[in-house]
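First comes the structure, then the notes that go with it.
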Amino acid sequence: MEERRINVVVNEEPKSVDVEPRLLLAHFLREVLGLTGTHIGCDTTNCGVCTVLVDGLPMKSCTMFAVMVDGKSVTTVEGLGLPSELHPIQEGFREEHGLQCGFCTPGMMMASKALLEENPNPTEEDIRWGLSGNLCRCTGYQNIVKSVLWAAEKLRSEAGAISR
Amino acid sequence: MAQALDEIKIGGLGSSRKRVEDDRFLRGKGNYTDDFKLPGMVHMEILRSPLAHARIKSIDTSKAWQIPGVHMVLTGEMAAQHNLAWMPTLSYDTQAVLATDKVRFQGQEIACVCADDPYIAKDGCEAIVVEYEPLPPIVNPWQSQAEGAPIIRDDKEGQTDNICYRWEVGDREGTERAFAQADLVSKLELHYPRSHPSPIECCGSIADYNSATAKLTVYMTTQAPHIIRAAVAIVAELPEHMIRIISPDIGGGFGNKVPVYPGYVCSILCSILLARPVKWIEDKTGNLISTHYARDIYYKGELALRKDGKILAVRFHCDSDNGAFFSDAQPTKFKIGLIHSAFAAYDIPYGYMTAQGAYTNKAPGGVAYRCSFRVTEAMFFQERAIQAAASDLGMDQAAFRRLNLVKDDQFPFRTPYGFLLDSGQFHKCLDVALNAIGYDDFLREKEAARAQGRRLGIGISTMTEPLGAGNSREYDILGIKMFDAAELRVHPSGKAILKIGSQTQGQGHETTFAQIVTHELGIPAADILVQHGDTDNTPFGMGTYASRSTPVAGAATAMVARKVRAKARKLAAHLLEVSEEDVEWELGRFHVRGAPSNGVSIQECAMAAYGNMPDGMEPGLENNAYYDPPNMTWPFAAYIVTVEVDPETGVWDVLRMVAVDDCGVRINPMIVEGQIMGGMTEAYAMANMQFITYDAEGNCVGSNYMDYLLPTAWETPGFELHEVVTPSPHHPIGAKGIGECAAVGGPAAFVNAVMNAVDDTGVRNIDMPLLPDRVWEAMKYKRDVSGAPPVKSDS
Amino acid sequence: MYPSRFHYEAPRSLDEAFGVLQAYGDEAKILAGGQSLIPLIKLRFAAPACIVDINNIPGLDFHEEDSDGSLNIGALCRHRTLERSPLLRSKYPTMSATAPLIADPMVRNRGTLVGSVCHADPQGDWASVMLAMGGEIIARRADGSERAIPVSQFVVGPFQNALAQGEIAVRARVPAARGTRTGTYLKLERRVGDFATVGLAVALEVSGGTINRAGLALTGVGPNNIQCTAAEQSLAGKSLNASTIEQAARLAAEAAQPKTDVRGSAEYKRHVVYTFVTRALSNRQASAA
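Residue numbers (the working numbering), protein chains in the order written: chain S, 142 to 305; chain P, 8 to 802; chain W, 1059 to 1347.
Written as structure tokens, this is what we have:
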């Protein structure tokens, strides 16, 4: 059985692991590294619950092979906040009831993170467009949109505090 | 004097406290079935039939066994040796676990492979060679009843046709008399398309049979762990006390995760055979094509009308397409669920209905997809028929409803089909909704737009539905009466653990059930841990579906808290050195009658229960309660949608969506609103895009998320929510079910709005989903558009 | 969800890539964005023996105008880049309108235009855009030689392209415009991110109100993307008015070869082609999508 050594930084921790080429990135994160916050929801690159950041951009980890992140950095939901402190996006989802069953939430938050980095002051429409690759069956999205708006405001005020 | 507790501040009734579940989900630390890894665990994958109807000539598994890393290749023949090739369904039929004789729908389970990892298990499935002899596929009830149609269930002795049940209810003769007196009879025929609840998390299980202790532990995606335990005991012939079902975090259920599926059974059998844990995680296609669908009912109905608009009687027939096995998850007495709750919101003296079920070569099911057993279909038929009747009478659709809706002074109200509505303010809800949308203004706007060639439309849906089965006299599943239980233990320091038999899949029970205890005992919600989902460690419950949790398990929770409070009162009397009659309760505290400053807190009572109880009193502060509801709760909703239809393409956009819900007392308003918005999104999905159909060959169209369309944040409309509160008179805290109202009542509001936008065409019906091509066809040819399978094609 | 086994190569240069192609022949499959290929592999509809991941080859992630005014889009240029490109926004309205309509934001972060055209999915949007703009795919061989294949000849059937064994599609090229580009992409989809029920690419090159060159192509209404040659010819040398628009719309609708399926009847799809052409040329926004 063919295996390849990959070197990848996951949530700021360097990893060096032998993997089969056919192993999907989502399975690598979940099964090999035990980072089960990244979920798997569909087979066809539609649902977005497996979304992680690869070199800062959100990608569907079910539609990449683990061998393809050799030399790259990956951020999963486990790398979003700190054990002691939630990231403003996590806080926003809690404050605005942006989650119910929680299954889509990690992917939704990772997509939101990239969205807010590119556009710190999004409109409701920007958010709805930016999250159009992430399906949620529970919430009806309205509270997810509010959650991201909440996080955007908090991130802006934090950035403002720092720049002052 | 001690300051009175602020119930909202301590997280009691009416508090929008943030969810205690959230922290783990937000950090990626949820525990879903697929997140568990047990020592020695192997992975199971299922081989499914590519054909809808075929005789199996041979199954050759030899190549699969040769693949390194494969530990088990299980076929129906092997399962039969353990009496497990077939299993009973929740509707007293049988369902194949692994096919032995025939395959009866595309996606049916044929074999499964256990291996070191799921990749190898899939390799194993691919290496199995099956020889089929194709048989003609049947994809709708009419084909199934046609002369010469093949008998799908030739495995059943005495089955000579493709009919799986016949059912009727109501007053046939009274209804006939009423129809004879009608000035006008309004008729409507339509199909509620097949749908799938499609939680994002698919089904899965980890069966762990310990051969040393003979204990079977199953981690699984189930909404009803206690029922599953009973079912596993029956199916696998294992002693019930040696079965432990653990239902961890569930990634959405919506009814899909109530039944017992072949995959669960196979993982259990493989674990027993291999004496090691076996994990099965379904893929999306497997979930969509084999696990239980919902809806797929043909309605043919008529309303007897007096010319002033009064409805005199209703009569309808339903043909349900039940797929290859009759396995609706529904109470025993009712063969088409509670579909006879249709028209319950209206004061109609007479009603009669009949129903018939057809076997077809489609996936089995008929689950209560975000509804109380076929109630979604009932309310859709009702609201479409009401709109058609108003239009036939030339009456305004709001005025017609106002004339016929049950009035406040008529409660409790008995429907012609035998239900008893508990309470409501139907007219007030409708008025709030009409005001919110600006009904009259919109009608003027619509006329003005029509003059410019634009098509606007407004749709109303008003409905009540029965939520929270049983009572136990009428409702049972597999002979087990429908009630729920709760156990409450207050520890010496006044912190408590509540154990319930229901199972959350996102509804936030860990948050809201604590709030009920807070309301009853004054213990801050943050001091109450709610446990559920482990049959060894929670009391019996029928599960979470059909909006049962708050009406039944929530009531059990209130009742057990009251039992605990009754004992605490004795302890308080002891501590205060007065007689029990002289002790008065206020939230969180007992005081001496007439001397409010002389009191003890519930926490002090708890400590006394362990350290200072009166002589002769049994120590401890805990109890349990089984709650058998006297009736179901009847929430009411008025939904109004406005749309604009593109006359050239048939594409329609939602302009506004107003929802007025009366679900009685709201335990956590934030969560209630979350439930309404989620349900409304599914309603929109159903009306707009989400359905499963079949082609003439029996291939499932909608077998993955490229074809089975779920709305995204982009097209999902914003919702405007309003509330009316009519407490349920029989529920201990006045609450009613809410998880499903919007999904039940919503679809008709969207469809009625589009139909209203084309009301000059004479078109009576366009079947859901209202795909642009269907709306265009209706406008262009001024004809009804059917969406019944098979899918139209050129060939 | 669990692919078959394959051999994996991640060459660091085109030369290395050609070496792998030589060794594995037609068993090798090039992977760029992978957003169409990987789902097929996951579902085991495709099971290539060798995957050649070109993502580590430098110099392929670009889009820029040549000195002759032609636009070149490298094989690793992502939809994301095109979606945000100021160059496209100012000078290539058809492409600029298309990029945000490809799949969803995450897929656009990864997928490529060249890969999409190579995949030759009849429901792919970019092939229609390239047809309408007279685009070409530049195929490179191991010896460094290149040939330009017009997209009209490059897509030879559903999921089939004209690349010969040992060739790699290194970039797409859009020739310089004669005049100012106008145009758009209209897509009727059942939901955002869906494949097109009907897609229409319109690319006009106009000077002084006269159409020097008209490009019209259709997505989702035939066994492949369809170039509406007759409609294009009817517009060339003319200006847009009610009658030329009507004629082009009619000819485009005639060029469509739709099939009745779950997305709608053939008649409906043909009607939408007509409506879209009318709207696109009348500069009206489609309410679709």
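All C-beta atoms, glycine included, are put in the ideal place defined by N, C-alpha and C. Values in this document were obtained by computation on a predicted structure and should not be read as measured data.
Taking the alpha carbon of residue 1309/W as the point to measure from, which residue in 1207/W, 1322/W, 1291/W has its own alpha carbon closest?
As a position in the third sequence, residue 1309/W is number 251, starting the count at 1. Out of 1207/W, 1322/W, 1291/W, 1291/W has the C-alpha closest to the C-alpha of residue 1309/W.
Rounded to a whole number of angstroms, what is the C-alpha to C-alpha distance between residue 265/S and residue 282/S?
Translated into positions along the first sequence, residue 265/S becomes position 124. Translated into positions along the first sequence, residue 282/S becomes position 141. Their Cα atoms are separated by approximately 11 Å.
Consult DSSP for residue 555/P and reduce its assignment to one of helix, strand or coil.
As a working note, residue 555/P is residue 548 in the second sequence. Three-state DSSP puts residue 555/P in coil, outside helix and strand.
At which residue ranges does the stretch 212-300 of chain S contain complete beta strand (DSSP E) runs of 3 or more residues, listed in the order of the chain?
The stretch 212-300 of chain S contains these whole beta strand (DSSP E) runs: 214-216.
Of the choices 337/P, 359/P, 355/P, 296/P, whose alpha-carbon is the least far from that of residue 330/P?
In the second sequence, residue 330/P corresponds to position 323, counting from 1. Considering only alpha carbons, the answer is 296/P.
How do the stretch 528-543 of chain P and the stretch 651-665 of chain P stand: do at least 3 beta-carbon pairs fall below 8 Å, yes or no?
Judged by Cβ distances under 8 Å, the stretch 528-543 of chain P makes no contact with the stretch 651-665 of chain P, as fewer than three pairs qualify.
For the candidate residues 395/P, 122/P, 565/P, 628/P, whose alpha-carbon lies nearest to that of residue 502/P?
By one-based count along the second sequence, residue 502/P stands at place 495. Of the listed residues, the one whose Cα sits closest to residue 502/P is 628/P.
With a cut-off of 8 Å, does the C-beta of residue 463/P fall near any C-beta of chain W?
Here residue 463/P refers to the residue found at position 456 when the second sequence is read from its first residue. With 8 Å as the cut-off, residue 463/P does not count as an interface residue toward chain W.
Does DSSP classify residue 1130/W as helix, strand or coil?
Position 72 of the third sequence holds residue 1130/W. Residue state, collapsed to three classes: strand.
Roughly how many angstroms separate the alpha carbons of residue 1273/W and residue 778/P, rounded to a whole number?
As a first step, residue 1273/W must be located in the third sequence, where it is residue number 215. As a first step, residue 778/P must be located in the second sequence, where it is residue number 771. Those two C-alpha atoms are separated by around 30 Å.
Go ahead and pull the three-state DSSP assignment for residue 1257/W.
Taking the first residue of the third sequence as position 1, residue 1257/W is located at position 199. Residue 1257/W falls in the strand class under three-state DSSP.
Counting only beta-carbon atoms, is residue 1165/W nearer than 8 Å to chain S?
The sequence position of residue 1165/W within the third sequence is 107, counting from 1. It does: the Cβ of residue 1165/W has a partner Cβ on chain S nearer than 8 Å.
With distances taken between CB atoms, is the gap from residue 1288/W to residue 1190/W smaller than 8 Å?
Taking the third sequence and counting its residues from 1, one reaches residue 1288/W at position 230. Taking the third sequence and counting its residues from 1, one reaches residue 1190/W at position 132. In this structure, residue 1190/W does not lie closer than 8 Å to residue 1288/W by Cβ.
Beta-carbon within less than 6 Å of residue 1070/W's beta-carbon, same chain only, minus the 5 sequence neighbours each way: which residues are those?
The residue you call residue 1070/W lines up with position 12 of the third sequence. Same-chain partners within the cutoff: 1114.
Name, going along the chain, the residues of the stretch 1290-1321 of chain W whose beta-carbon falls closer than 7 Å to a beta-carbon of chain S.
So nothing in the stretch comes that close.
Tell me the DSSP secondary structure of residue 1324/W in three-state form.
Taking the first residue of the third sequence as 1, we reach residue 1324/W at position 266. The answer is helix: DSSP assigns residue 1324/W an H, G or I state.
For residue 178/P, which of 669/P, 528/P, 356/P, 38/P has the nearest alpha-carbon?
For the purposes of this step, residue 178/P is identified with residue 171 of the second sequence, where counting begins at 1. Ranking the options by Cα distance to residue 178/P, first place goes to 356/P.
Look at the Cβ atom of residue 343/P, then the Cβ atom of residue 320/P, and state whether they are nearer than 8 Å.
The residue labelled residue 343/P in the question sits at position 336 within the second sequence. The residue labelled residue 320/P in the question sits at position 313 within the second sequence. Contact: no.
Report the rounded CA-to-CA distance for residue 106/P versus residue 365/P, giving the unit in angstroms.
The count along the second sequence starts at 1 and reaches residue 106/P at position 99. The count along the second sequence starts at 1 and reaches residue 365/P at position 358. When rounded, the distance between both Cα atoms is 20 Å.
When you compare the CB positions of residue 190/S and residue 234/S, do they come within less than 8 Å of one another, or not?
Mapped onto the first sequence, residue 190/S falls at position 49. Mapped onto the first sequence, residue 234/S falls at position 93. Taking 8 Å as the Cβ cut-off, residue 190/S and residue 234/S do not qualify as a contacting pair.
Use the C-beta contact count for residue 227/P: other C-beta atoms within 10 angstroms, 16 or more gives buried, fewer gives exposed.
Within the second sequence, residue 227/P is the residue found at index 220, counting from 1. Buried is the call here.
Does the distance from the CB of residue 474/P to the CB of residue 684/P come in under 8 Å?
Within the second sequence, the letter at position 467 stands for residue 474/P. Within the second sequence, the letter at position 677 stands for residue 684/P. Contact: no.
In chain W, which residues lie less than 8 Å from residue 718/P when you measure between Cβ atoms?
As a first step, residue 718/P must be located in the second sequence, where it is residue number 711. Chain W residues near residue 718/P: 1249.
Any beta carbon from chain S within less than 8 Å of residue 1111/W's own beta carbon?
In the third sequence, residue 1111/W corresponds to position 53, counting from 1. For residue 1111/W, the answer is yes, since a Cβ of chain S falls inside 8 Å of its Cβ.
With 8 Å set as the bound, which would you pick, yes or no: does the beta-carbon of residue 206/S sit closer than that to a beta-carbon of chain P?
The sequence position of residue 206/S within the first sequence is 65, counting from 1. Chain P contact via Cβ: absent.
Where DSSP assigns a beta bridge to residue 288/P, which residues make up the other side?
Against the second sequence, residue 288/P aligns to sequence position 281. Paired residues: 211/P.
Please say whether residue 472/P and residue 748/P have beta carbons closer to each other than 8 Å?
Within the second sequence, the letter at position 741 stands for residue 748/P. Within the second sequence, the letter at position 465 stands for residue 472/P. Going by C-beta atoms, residue 748/P is nearer than 8 Å to residue 472/P.
Closest Cβ-Cβ distance between residue 1101/W and chain S: below 8 Å?
One-based indexing of the third sequence puts residue 1101/W at position 43. Yes - at least one Cβ of chain S is within 8 Å of the one on residue 1101/W.
Which residues in chain P have a C-beta closer than 9 Å to the C-beta of residue 1244/W? List them in chain order.
Residue 1244/W sits at position 186 when you count from the first residue of the third sequence. The contacting residues do not exist; residue 1244/W stays about 10 Å from chain P at best.
Where does residue 523/P land, buried or exposed, given buried means 16+ other C-beta within 10 angstroms?
In the second sequence, the residue the question calls residue 523/P occupies position 516. Flag for residue 523/P reads buried.
Under three-state DSSP, which class holds residue 200/S?
As a first step, residue 200/S is located in the first sequence; it is residue number 59 there, counting from the start. Strand at residue 200/S.
Residue 148/S bridges to which residues according to DSSP?
Taking the first residue of the first sequence as position 1, residue 148/S is located at position 7. The partner list for residue 148/S (beta bridge, DSSP) reads 157/S.
So residue 246/S contacts chain P; which residues on that side make the cut at Cβ distance below 9 Å?
For the purposes of this step, residue 246/S is taken as the residue at position 105 of the first sequence. Within 9 Å Cβ-Cβ: 29, 32, 33, 35, 37.
When you compare the CB positions of residue 378/P and residue 294/P, do they come within less than 8 Å of one another, or not?
Residue numbering aside, residue 378/P sits at position 371 when the second sequence is read from its first letter. Residue numbering aside, residue 294/P sits at position 287 when the second sequence is read from its first letter. Not closer than 8 Å, so no.
Could you give the C-beta distance for residue 560/P and residue 493/P, rounded to a whole number, given that I count them as a contact under 8 Å?
Here residue 560/P is taken as the residue at index 553 of the second sequence, counted from 1. Here residue 493/P is taken as the residue at index 486 of the second sequence, counted from 1. Indeed, because the Cβ distance is near 6 Å, the residues count as touching under 8 Å.
In angstroms with no decimal places, state the Cα-to-Cα distance between residue 258/P and residue 680/P.
Taking the second sequence and counting its residues from 1, the one referred to as residue 258/P is at position 251. Taking the second sequence and counting its residues from 1, the one referred to as residue 680/P is at position 673. Cα to Cα, the separation comes out at about 19 Å.
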